[in-house]
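Asker: Numbering (UniProt numbering), first residue to last: 1 to 256. I am attaching a structure below and will ask some questions about it afterwards.
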Amino acid sequence: MEWTGGSPKKRKDEATGLAVAAGVIDQVGLVTLHKKPRVNEAQVTTRKKVEEEGDGTESVTTALSMQASTRIDAPSPPSLQRPPRPEDEANDGGGAREVVEELTTVAELVKKGGSGMLVRRPALGHRLAVFWRCDRPYVLNDACPHRGAPLSEGDIEDLVVDDEDEDEEDEDEDEEEARACPARRGVEKVVPHVVCPLHYYKYDLASGRCHEGGDWSESLKVYEAWVEGDRVMAKLPCLPPISDDDNDDENDDAER
Numbered sequence: 001m002e003w004t005g006g007s008p009k010k011r012k013d014e015a016t017g018l019a020v021a022a023g024v025i026d027q028v029g030l031v032t033l034h035k036k037p038r039v040n041e042a043q044v045t046t047r048k049k050v051e052e053e054g055d056g057t058e059s060v061t062t063a064l065s066m067q068a069s070t071r072i073d074a075p076s077p078p079s080l081q082r083p084p085r086p087e088d089e090a091n092d093g094g095g096a097r098e099v100v101e102e103l104t105t106v107a108e109l110v111k112k113g114g115s116g117m118l119v120r121r122p123a124l125g126h127r128l129a130v131f132w133r134c135d136r137p138y139v140l141n142d143a144c145p146h147r148g149a150p151l152s153e154g155d156i157e158d159l160v161v162d163d164e165d166e167d168e169e170d171e172d173e174d175e176e177e178a179r180a181c182p183a184r185r186g187v188e189k190v191v192p193h194v195v196c197p198l199h200y201y202k203y204d205l206a207s208g209r210c211h212e213g214g215d216w217s218e219s220l221k222v223y224e225a226w227v228e229g230d231r232v233m234a235k236l237p238c239l240p241p242i243s244d245d246d247n248d249d250e251n252d253d254a255e256r
C-alpha cells in the first residue's frame, strides 16, 4: 500500500492499514506485544520425550510448540493446622513426655501462709496442690490416693520421722532436704506433711510417703518444683486431659 496523502483522517486510516498489514496492530486496534509466551514445563518435557521416540516427531512437536501456558501459579495458602499440643506428641521410650509449667508465684504462695493452693492444668491431666514450706515450693497431686480428697484443703503438720523409717534409696534426697530445711537435720528429722482432710492420712511433702495412715501406705505422687525469679515452676508429665466432670467425680468419691 502506498502513501497517497490527502486529508488527516484519510492519512490516519491509511497509516492504520499499514500497521495492520505489518502485524503491529490487530484488527480491533490493540497493540500486539510480540513476547514469547511462558511455556508450561510439563509440555516442554513431553515435547522432548516425543522427539526422542522417532516417528511422528515433527507433527507432535509442532502441536506442542503452539501450546503456551499463560497461567500464573498462585502461591499455596499458609497451613491452617494448629500446632501440636503437648498431649498430641508421641511419648519417648514409652513414658509420658514431660513439660515445664509455671504454676503460680512465690508472692501468692507466701500470702496463703501454710495453706495449700489448688492449681489446675486440665490439658495436661493434672489437679495439683502447691505448698510453700522451708522457703521452697512443693507440688503434689491434689487427690489423696486413698479416696481422692483434695489435699490442697489439708493442713500442714511437722512430724518427727526417724531415719529407720526411711529407705536407703531416699538418703540422697534426705540430704538435699536437710540443706534446704534445717528442721530436717539430725537423726530425728522434722518433716513437713500434708494432712488429708477426710481420713487424716499424712503425706511427706518431699517424698510423698504416707505416715500415720494406719494400714494405708500408698505414696502420693510428687513433682519436681523450683523457683525462677518470682515464678514457681514444675516439671509435669503429659497425662490424658481431664474435664470438670472428672473433677466432680473425684470429689463425690471423697465424700463417701
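Ideal placement from N, C-alpha and C gives every residue a C-beta, glycine not left out.
Rounded to a whole number of angstroms, what is the C-alpha to C-alpha distance between Ile-242 and His-193?
Answerer: Between Ile-242 and His-193, the C-alpha separation is close to 27 Å.
Asker: Short of 8 Å in beta carbon distance, which residues of its chain neighbour Pro-84, apart from the five on each side in sequence? Order them along the chain.
Answerer: For Pro-84, the predicted structure reports a pLDDT of 45, less than 50, and the residue's modelled location is therefore unreliable. A value from the coordinates is still provided. So the list is empty, once near-sequence residues are dropped.
Asker: If I follow the unbroken alpha helix (DSSP H) through Glu-108, where does it start and stop?
Answerer: It spans 106-111 - the alpha helix (DSSP H) in which Glu-108 sits, taken as one unbroken run.
Asker: Grouping DSSP H, G and I as helix and E and B as strand, with all else coil, what is Pro-122?
Answerer: The answer is helix: DSSP assigns Pro-122 an H, G or I state.
Asker: By the three-class DSSP mapping on this structure, what secondary structure does Leu-198 have?
Answerer: It is coil, neither helix nor strand.
Asker: Could you give the distance in angstroms between the alpha-carbon of Ser-115 and the alpha-carbon of Pro-122?
Answerer: Going from the Cα of Ser-115 to the Cα of Pro-122 covers about 22 Å.
Asker: Tell me the residue span of the beta strand (DSSP E) that contains Leu-140.
Answerer: That run of the beta strand (DSSP E) goes 136-141.
Asker: Is it a yes or a no for the region 137-147 touching the region 197-208, going by three-plus beta-carbon pairs under 8 Å?
Answerer: Enough Cβ pairs lie closer than 8 Å, so yes.
Asker: Indicate the three-state DSSP secondary structure (helix, strand or coil) for Leu-151 in the structure shown.
Answerer: Helix, per DSSP.
Asker: Quick one: what does DSSP say Leu-128 is sitting in, helix, strand or coil?
Answerer: In this structure, Leu-128 counts as strand in the three-state DSSP scheme.
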